[in-house]
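Asks: In this note's numbering, the protein residues as written are 39 to 176. Idealized CB from N, CA, C, for every residue including glycine.
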């Protein structure tokens with residue numbers, strides 16, 4: 039086929055083949071990642087799944103998605119939760135709160151307690167000095 043005979047339909051068909059190939063590679067990588075990250079499979083079961091997917095790729099991927107597709111989703115959700123918690127812990131550590139409350143939050147709570155009459159003015163002054171003293175040392 040010459041370049042002049044390469045029609046617009048051929049361009050679209052080539053693009054379709056490229057995207058199908060790209061999606062197929064992405065699906066294979068996703069299945070392999072899930073096989074090796076799965077903690078509920080033994081080593082032998084992982085080896086059998088890998089052999090099945092390598093020897094009969096279309097059937098292997100299809101059977102894997104049917105048999106273990108729901109577990110793939112649960113593992114992804116758990117992984118996202120763990121990453122979110124790790125990120126939150128990192129942010130708290132970097133922000134300096136270490137999971138506790140900051141001096142500004144402490145003062146806000148103390149002022150609210152004082153305004154509601156739960157603590158007296160003297161208690162407020164003592165707790166305020168304590169909150170500011172502990173925040174100055176950390």
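Taking 8 Å as the threshold (C-beta atoms), are residue 99 and residue 66 in contact?
Replies: Here residue 66 corresponds to residue number 28 of the chain shown, with the count starting at 1. Here residue 99 corresponds to residue number 61 of the chain shown, with the count starting at 1. Going by C-beta atoms, residue 66 is nearer than 8 Å to residue 99.
Asks: Could you check if residue 148 is buried or exposed, using at least 16 other CB atoms within 10 Å of its CB as the buried criterion?
Replies: If you number the chain shown from 1, residue 148 lands on position 110. Around the beta carbon of residue 148, a 10 Å sphere encloses 16 or more other beta carbons of the protein chains shown; the residue is thus reported as buried.
Asks: Give the secondary structure of residue 155 by DSSP, where H, G and I count as helix, E and B as strand, and everything else as coil.
Replies: One-based indexing of the chain shown puts residue 155 at position 117. Coil, per DSSP.
Asks: What first and last residue would you give for the alpha helix (DSSP H) that runs through residue 54?
Replies: Numbered from its first residue, the chain shown carries residue 54 at position 16. First-last of the alpha helix (DSSP H) with residue 54: 46-75.
Asks: Is it true that the CB of residue 89 sits closer than 8 Å to the CB of residue 102?
Replies: Translated into positions along the chain shown, residue 102 becomes position 64. Translated into positions along the chain shown, residue 89 becomes position 51. Going by C-beta atoms, residue 102 is not nearer than 8 Å to residue 89.
Asks: Sorted by chain position, which residues of the same chain lie with C-beta nearer than 8 Å to residue 169's C-beta, five sequence neighbours on each side aside?
Replies: For this step, residue 169 is matched to residue 131 along the chain shown. For residue 169, where only same-chain residues beyond five positions count, the Cβ hits under 8 Å are 141, 144, 145 and 148.
Asks: Using the three-state DSSP reduction, which class does residue 78 fall into: helix, strand or coil?
Replies: On the chain shown, position 40 is the one that residue 78 refers to. Secondary structure at residue 78: coil, using DSSP grouped into helix, strand and coil.
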